[in-house]
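Chemist: Quick one: the structure is below, and I'll ask about it shortly.
Residue numbers (the working numbering): 1 to 138.
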């Protein structure tokens, strides 16, 4: 298990481990920041996600991901951003997590100039989180 650090530190640990990761039946990673790059890294290495868990601790939400190095299918853009099918999205905590992500995106959008190149990407991410909420509230 790798936990309690940012993605880039966890990534360095995993990359330094290299093929030794294959020796583990399951690898569990919880990063304090940058869950999207972690999912992308897992997908880019063709690893297989087996579970995701939303964890609340002292007012913060974290997502732990379990995976193994066996060949997996690439994750979609939506899975990379909002979580894989292994994340329990049927809970109020996940809706609150999505709402918080939308709020962060809206704060960024509120200070962007109309010419800012990030606007389409940010709006796309906001739309995906809103789609998740709508699907769960049905």
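Beta carbons are placed, not taken as given, at the ideal position from N, Cα and C, and that holds for glycine.
Residue 80: which of 71, 63, 69 sits nearest, CA to CA?
Modeler: For the purposes of this step, residue 80 is taken as residue 80 along the chain shown, with counting starting at 1. Looking at the Cα atoms, 63 is the closest of the given residues.
Chemist: List the residues that DSSP assigns as beta-bridge partners of residue 64.
Modeler: Taking the first residue of the chain shown as position 1, residue 64 is located at position 64. For residue 64, which the question treats as bridged, DSSP gives the partners 30, 53.
Chemist: Is residue 1 helix, strand or coil by DSSP?
Modeler: Here residue 1 corresponds to residue number 1 of the chain shown, with the count starting at 1. Residue 1 falls in the coil class under three-state DSSP.
Chemist: Could you check where the alpha helix (DSSP H) with residue 24 kicks off and where it finishes?
Modeler: Here the question's residue 24 lines up with position 24 in the chain shown. No alpha helix (DSSP H) contains residue 24, which DSSP labels as neither H nor E.
Chemist: Have a look at residue 87 and residue 112 and give me their C-alpha separation to the nearest angstrom.
Modeler: Residue mapping note: residue 87 aligns to position 87 of the chain shown, counting from 1. Residue mapping note: residue 112 aligns to position 112 of the chain shown, counting from 1. Taking the straight line joining both Cα atoms gives about 32 Å.
Chemist: Once you ignore the five residues that flank residue 128 on each side, which residues in its own chain have a CB closer than 6 Å to its CB?
Modeler: Taking the first residue of the chain shown as 1, we reach residue 128 at position 128. 78, 81, 82.
Chemist: Whose C-beta lies closer than 6 Å to the C-beta of residue 126 among residues of the same chain, with five residues either side of it excluded?
Modeler: Within the chain shown, numbered from 1, the residue matching residue 126 stands at position 126. Hits under 6 Å: 102, 105.
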